[in-house]
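Colleague:
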Amino acid sequence: MSRVCELTGKKAMVGNNVSHAMNKTKRKFNANLIKKRFYIPEEDKWVTLKVSTSALKTINKIGISAALKEARAKGFYK
Numbered sequence: 004m005s006r007v008c009e010l011t012g013k014k015a016m017v018g019n020n021v022s023h024a025m026n027k028t029k030r031k032f033n034a035n036l037i038k039k040r041f042y043i044p045e046e047d048k049w050v051t052l053k054v055s056t057s058a059l060k061t062i063n064k065i066g067i068s069a070a071l072k073e074a075r076a077k078g079f080y081k
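Going by the numbering used here, the sequence shown opens with residue 4, and the numbers climb by one from there.
#1: Go ahead and label T11 buried or exposed: buried means 16 or more other beta carbons lie within 10 angstroms of its beta carbon, across all protein chains shown.
#2: On the DSSP bridge assignment, give the partners of G18 in chain order.
#3: Specify, as a first and last residue, the run of the alpha helix (DSSP H) that K81 falls within.
#4: In whole angstroms, what separates the C-alpha of K48 from that of V21?
#5: Looking only at its chain, what residues have a beta carbon closer than 8 Å to the beta carbon of K15, apart from the 5 residues adjacent to it on each side?
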């Protein structure tokens with residue numbers, strides 16, 4: 004499974020490691036993802052999502068139902 008947030012679509016970025024001598028080598032900046040179970044009262048079931056920590060803050064703010072609805076509208080969650 005890829006390292007992509009299921010609610011926001013965040014994924015790894017590519018950048019450079021830069022040494023003191025300004026030598027540059029390619030590296031990856033991975034998204035800060037966690038696996039978390041959520042209870043959805045409307046559907047009366049538990050779902051396990053791989054979400055970024057920023058998406059977790061959004062869920063705490065607006066609720067899981069609204070976050071899933073928003074993700075479905077953007078095409079990140081089926």
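C-beta atoms are modelled at their ideal positions from N, C-alpha and C, and glycine is treated no differently. These numbers were taken from a predicted model, which means no experiment stands behind them.
Modeller: This is what the structure gives:
#1: Position 8 of the sequence shown, counted from the first residue, corresponds to residue 11. Buried is the call here.
#2: What you label residue 18 is simply residue 15 of the sequence shown in a count that begins at 1. In DSSP, G18 forms a bridge with R30.
#3: Here the question's residue 81 lines up with position 78 in the sequence shown. Note, K81: premise wrong, no alpha helix (DSSP H); not H, not E.
#4: To locate residue 48, count along the sequence shown from 1; it is residue 45. To locate residue 21, count along the sequence shown from 1; it is residue 18. K48 and V21: Cα-Cα distance of roughly 47 Å.
#5: Position 12 of the sequence shown holds residue 15. Reading the sequence as shown, one finds Ala at residue 15 and not Lys. These residues qualify, in order along the chain: R6, K31, F32, N33, A34.
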